[in-house]
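Going line by line, the protein sequences match chains A and B. If you're matching positions, the first sequence starts at 1 in the working numbering and goes up one per residue. If you're matching positions, the second sequence starts at 471 in the working numbering and goes up one per residue. Step one of this worksheet: look at the structure below.
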Amino acid sequence: MNRRDILQRSAAAGLLATPAAALLAGCASGGGDKDDNAAYKGTKSEQNPLGVKEDAPLEVVIFGGGFGEEYAKAHEAMYTEKYPKAKVKHSATQEISKTLQPRFVDGTPPDVVNNSGAGQIDFNGLVSQNAIADLGELLAAPSLDVPGKTVKDTLLPGAVEVGSYDGKFLVLNYTYTAYGIWYSNKLLTERKWEYAKTWDEHIALCKQIKAAGIAPWTYAGLHPRYMSWPVIATAIKLGGPSVATAIDNLEPNAWKSDSMKTAADAWHQIVKDKFILEGSPGLDHKQSQTAWCQGKAAFISCGSWLESEQKDVTPAGFNMTIAPTPSLGSGDKLPFEAIRGTAGEPFMVPAKARNVAGGLEYFRTMLSKKGAQDFTRKVASLTVVAGATEGVELPYGLTSVVKALDASGANGFNWVYNNYYRKLERNLVDAACGEFFSGRIGPAEFLEQCQKGADSIAQDSSIKKYKRAA
Amino acid sequence: MRHGKWPLIVTFLVPPVLLYVVFVVSPYLQAFQISTTDWLGYSPDANSVGLANFKTLWHDDYVWNALKNNAILLALVPVLTIVLGLFFATMLAMGGRKGRAGVTGVRGGALYRTVYFFPQVLSVVIIALLWKEVYHPNKGLLTAALHGIGLSAPTWLGDPATAFWCVLAVMVWSNVGFYVVLFGAAMSAVPKEIYEAVLLDGASRFTTLRRVTLPLLWDTVQVAWVYLAIFALDGFILVQLMTNGGPNFSTDVIGVRMYDTAFGSETKFGYASAIGVVMFFLTLSVAALSLRAGRRDRIEYS
Chain A
1 MNRRDILQRS AAAGLLATPA AALLAGCASG GGDKDDNAAY KGTKSEQNPL GVKEDAPLEV
61 VIFGGGFGEE YAKAHEAMYT EKYPKAKVKH SATQEISKTL QPRFVDGTPP DVVNNSGAGQ
121 IDFNGLVSQN AIADLGELLA APSLDVPGKT VKDTLLPGAV EVGSYDGKFL VLNYTYTAYG
181 IWYSNKLLTE RKWEYAKTWD EHIALCKQIK AAGIAPWTYA GLHPRYMSWP VIATAIKLGG
241 PSVATAIDNL EPNAWKSDSM KTAADAWHQI VKDKFILEGS PGLDHKQSQT AWCQGKAAFI
301 SCGSWLESEQ KDVTPAGFNM TIAPTPSLGS GDKLPFEAIR GTAGEPFMVP AKARNVAGGL
361 EYFRTMLSKK GAQDFTRKVA SLTVVAGATE GVELPYGLTS VVKALDASGA NGFNWVYNNY
421 YRKLERNLVD AACGEFFSGR IGPAEFLEQC QKGADSIAQD SSIKKYKRAA
Chain B
471 MRHGKWPLIV TFLVPPVLLY VVFVVSPYLQ AFQISTTDWL GYSPDANSVG LANFKTLWHD
531 DYVWNALKNN AILLALVPVL TIVLGLFFAT MLAMGGRKGR AGVTGVRGGA LYRTVYFFPQ
591 VLSVVIIALL WKEVYHPNKG LLTAALHGIG LSAPTWLGDP ATAFWCVLAV MVWSNVGFYV
651 VLFGAAMSAV PKEIYEAVLL DGASRFTTLR RVTLPLLWDT VQVAWVYLAI FALDGFILVQ
711 LMTNGGPNFS TDVIGVRMYD TAFGSETKFG YASAIGVVMF FLTLSVAALS LRAGRRDRIE
771 YS
């Protein structure tokens with residue numbers, strides 16, 4: 001045997017040995033404490049309230065979607081500014097679930113995950129398997145650059161609730177999104193139309209718009225759940241926030257409450273009177289939004305990401321504006337200005353991440369005023385950090401979002417059943433909306449179908465249930 | 471040469487078999503094992519639940535609905551594709567006017583063959599997106615054409631009454647070209663003398679196709695059948711991209727159900743594996759059945 005042979009053989013042996021070793025290691029780590037798998041821990045101090053180990057590496061995985069990844073690189077740079085010895089590993093993917101699933105099972109997930117997009121991991125699954133670290137410590141830590149305030153004090157109302165499961169704050173939803181009805185201010189001003197504040201006026205306006213040869217409404221027929229938002233919002237404004245808590249808590253017949261019935265009846269009007277752009281049931285969200293941008297329809301239901309999503313096809317001077325859903329009448333519990341506002345774009349630190357403290361500190365960087373302003377500047381979206389838009393010039397649509405949220409104030413509302421039970425909104429309510437808004441079923445059947453979906457979730461013992469207080 | 475046999479066999483057989491076992495057989499076995507657990511996919515914890523997943527499957531209306539759609543696909547896609555493929559291949563091979571050789575194809579056959587084969591060159595994703603635009607209810611090619619001759623058009627993918635057939639049409643469209651080429655190649659292997667003899671006997675073209683070409687092509691048709699049957703039981707990519715099973719589950723197929731259960735609206739990997747196991751056995755039975763049903767005496771040219 002010569003030296004060459006020895007080398008070759010040992011290399012081959014190494015190849016065979018490596019998977020075996022990995023297997024063994026896997027078994028060992030399944031059992032828990034192994035030295036090289038131990039978490040990084042540093043000493044807590046006033047400057048370092050979360051106890052970050054200064055030279056511990058940090059791995060960040062970003063969803064490569066509408067916001068891109070540049071904003072995250074900027075946050076990472078801010079992190080390394082404070083901890084120059086830490087090496088930050090950055091990656092972006094559109095398929096969060098498929099990329100990270102094996103790593104969660106293996107017990108080696110990254111330290112920060114932006115769990116978003118169509119390939120998002122279902123939060124019900126993650127939470128019920130205790131796969132996410134508690135962010136409570138982060139909330140109690142002092143803000144990075146707002147003196148005298150904790151991180152929690154700097155957040156907008158509702159930011160903590162939406163990421164909490166059974167009272168534990170697990171998911172940091174970084175952006176602040178308003179959901180409403182969008183129109184082109186240019187179109188309405190030119191035609192001397194005014195956005196209607198009550199439902200009767202809205203129907204009258206739709207008649208005028210239709211007479212002018214424009215379709216009053218369009219929607220994403222292939223993702224019809226977009227239309228469930230204005231329907232539920234109308235019901236909540238009529239009956240108060242308890243309408244939403246009943247739906248979130250899967251209460252029996254929550255979908256068939258009087259408020260939901262009245263709201264569904266009202267919305268059925270735009271179907272009956274053919275106020276919807278012909279062909280809308282066959283359009284996907286981009287196609288319908290584009291038809292709207294081309295002036296073929298006057299109104300569309302969407303969240304505040306609409307402006308950046310449509311950036312490439314919006315004509316100059318289109319002046320897109322968000323508005324709350326019209327009030328049903330004087331009996332409404334919430335004023336016309338009340339709008340659905342909620343934190344979105346979820347970030348999490350996996351429970352088994354090695355550098356949990358680093359992940360929390362990274363969030364503290366994101367939630368600093370500097371980090372938030374940088375985000376808003378880069379991607380034209382609001383963050384959950386209060387007052388972070390000061391001194392930042394916003395595009396037209398986002399300015400209208402800020403105004404709408406200000407006007408809504410403490411009357412803002414939200415629901416979270418879509419976070420708790422993804423399947424309920426994405427599959428079941430979605431299908432019901434498709435039938436309803438294409439006119440194949442009436443309001444009673446629509447609510448019946450939604451209720452059936454909710455009941456099927458309530459009866460499924462393999463899905464963990466959550467409750468929230470009003 | 472005998473003394474060199476074993477090293478050769480070992481070198482060329484053992485590594486591939488090992489690779490096959492590790493990367494093909496073991497995942498299958500693992501899927502069987504996972505299908506008997508309540509694994510949720512994001513932690514190593516899973517409890518064995520026996521056959522509970524299969525029991526749930528039996529009562530899952532959405533799964534039955536998807537299976538029903540697969541059954542329709544299974545009944546229609548292979549038949550339509552093979553009939554169209556045979557028709558086009560026959561036209562290309564012997565659709566022309568009778569020349570001196572007796573049997574010729576239509577003029578420009580090579581061009582047609584390229585055109586038919588074209589969808590095969592495109593990735594399925596591109597086909598799905600392309601047809602999504604063709605089916606665009608306002609400015610799509612199809613709608614515009616119908617409007618052009620004064621007809622009204624349905625909303626295609628937006629209507630449960632039409633969406634399924636739209637997807638089925640794309641499935642046939644994207645497959646026909648391959649089988650035209652496959653059948654064409656098989657036909658060119660049939661000796662010309664046979665056709666000349668048949669022509670001398672005065673057989674019509676249809677008789678020639680039914681009595682001569684088809685029996686001689688039977689092996690190829692059978693392969694096509696098995697392939698298309700497996701394709702019909704899958705159909706995942708086209709459905710997922712064009713409609714994602716909607717509207718109101720009218721285009722749902724079992725593959726989409728499995729994907730949705732594991733990565734989509736839920737993360738139930740145990741349950742999804744159970745769906746996968748069912749798919750495995752269904753596909754296996756369909757393949758075995760169609761091979762058995764298609765068994766004929768082999769005809770040899772001599």
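Ideal placement from N, C-alpha and C gives every residue a C-beta, glycine not left out.
In DSSP terms, what residue i is bridged to
i	result
asparagine 173 of chain A	A:Pro346
methionine 320 of chain A	A:Ser184
valine 723 of chain B	Looking at the DSSP assignment, valine 723 of chain B forms no beta bridge with any residue, so it has no partner.
serine 461 of chain A	Per DSSP, none; premise fails for serine 461 of chain A.
valine 385 of chain A	A:Leu155
serine 674 of chain B	DSSP, once it has assigned bridges, lists no residue as partnering serine 674 of chain B.
Test: residue i CB closer than 8 Å to a CB of chain A
i	result
arginine 570 of chain B	A caution first: arginine 570 of chain B carries a pLDDT of 47, below 50, which makes its placement in the model unreliable, though a value can still be read off. Judged by the 8 Å Cβ criterion, arginine 570 of chain B is not in contact with chain A.
valine 691 of chain B	no
serine 644 of chain B	no
lysine 738 of chain B	yes
proline 514 of chain B	yes
threonine 507 of chain B	no
phenylalanine 733 of chain B	yes
glycine 520 of chain B	no
glycine 746 of chain B	no
leucine 807 of chain B	For chain B, the structure presents residues 471 to 772; residue 807 of chain B sits outside this window and is missing.
threonine 481 of chain B	no
Closer than 8 Å to chain B by CB, residue i
i	result
glutamate 435 of chain A	yes
asparagine 418 of chain A	no
isoleucine 247 of chain A	no
phenylalanine 169 of chain A	no
serine 97 of chain A	yes
valine 105 of chain A	yes
alanine 431 of chain A	yes
glutamine 101 of chain A	yes
arginine 354 of chain A	no
lysine 85 of chain A	no
glycine 31 of chain A	The predicted model places glycine 31 of chain A with a pLDDT of 38, which falls under 50 and marks its position as unreliable; any figure quoted below should be read in that light. No, its Cβ sits nowhere closer than 8 Å to a Cβ of chain B.
lysine 34 of chain A	In this predicted model, lysine 34 of chain A has a pLDDT of only 41, less than 50, meaning its place in the structure is not dependable enough to derive any value.
Residue i, enclosing alpha helix (DSSP H) - first and last residue
i	result
proline 497 of chain B	496-504
isoleucine 745 of chain B	739-763
tryptophan 534 of chain B	531-564
glutamate 59 of chain A	Premise fails: glutamate 59 of chain A lies in the beta strand (DSSP E), 58-63, not in any alpha helix (DSSP H).
isoleucine 236 of chain A	228-239
tryptophan 292 of chain A	285-293
alanine 357 of chain A	356-366
glycine 125 of chain A	123-128
CB of residue i within 8 Å of CB of residue j, strictly
i	j	result
leucine 170 of chain A	glycine 163 of chain A	yes
threonine 507 of chain B	serine 518 of chain B	yes
proline 109 of chain A	alanine 86 of chain A	no
alanine 633 of chain B	tryptophan 626 of chain B	yes
alanine 369 of chain A	valine 385 of chain A	Here residue 369 of chain A turns out to be lysine, not alanine, going by the sequence shown. Closer than 8 Å, so yes.
valine 640 of chain B	isoleucine 597 of chain B	yes
phenylalanine 363 of chain A	leucine 172 of chain A	yes
glycine 359 of chain A	valine 112 of chain A	yes
leucine 544 of chain B	alanine 702 of chain B	yes
phenylalanine 275 of chain A	proline 216 of chain A	yes
proline 326 of chain A	lysine 168 of chain A	no
isoleucine 707 of chain B	valine 594 of chain B	yes
8 Å Cβ cut-off: residues of chain D touching residue i
i	result
proline 281 of chain A	Judged by its chain identifiers, the structure shown contains no chain D, and its protein chains are A and B.
Element boundaries [beta strand (DSSP E), containing residue i]
i	result
serine 91 of chain A	88-93
glycine 303 of chain A	297-303
proline 216 of chain A	215-217
valine 112 of chain A	112-114
Check: Are the stretch 216-228 of chain A and the stretch 268-281 of chain A touching, with three or more C-beta to C-beta distances below 8 Å?
Finding: yes
Item checked: Validate contact between the stretch 208-216 of chain A and the stretch 331-346 of chain A using beta carbons, cut 8 Å, 3 pairs -> no
Check: Three or more beta-carbon pairs under 8 Å between the stretch 53-70 of chain A and the stretch 88-107 of chain A, yes or no?
Finding: yes
Notebook entry, point to check: Between the stretch 731-743 of chain B and the stretch 479-497 of chain B, do at least 3 Cβ pairs fall closer than 8 Å?
Noted result: no
Checklist line | Three-pair Cβ contact test at 8 Å for the stretch 226-241 of chain A versus the stretch 301-316 of chain A | finding: yes
Checklist line | Segment contact, 8 Å Cβ cut-off, at least three pairs: the stretch 413-421 of chain A with the stretch 237-250 of chain A | finding: yes
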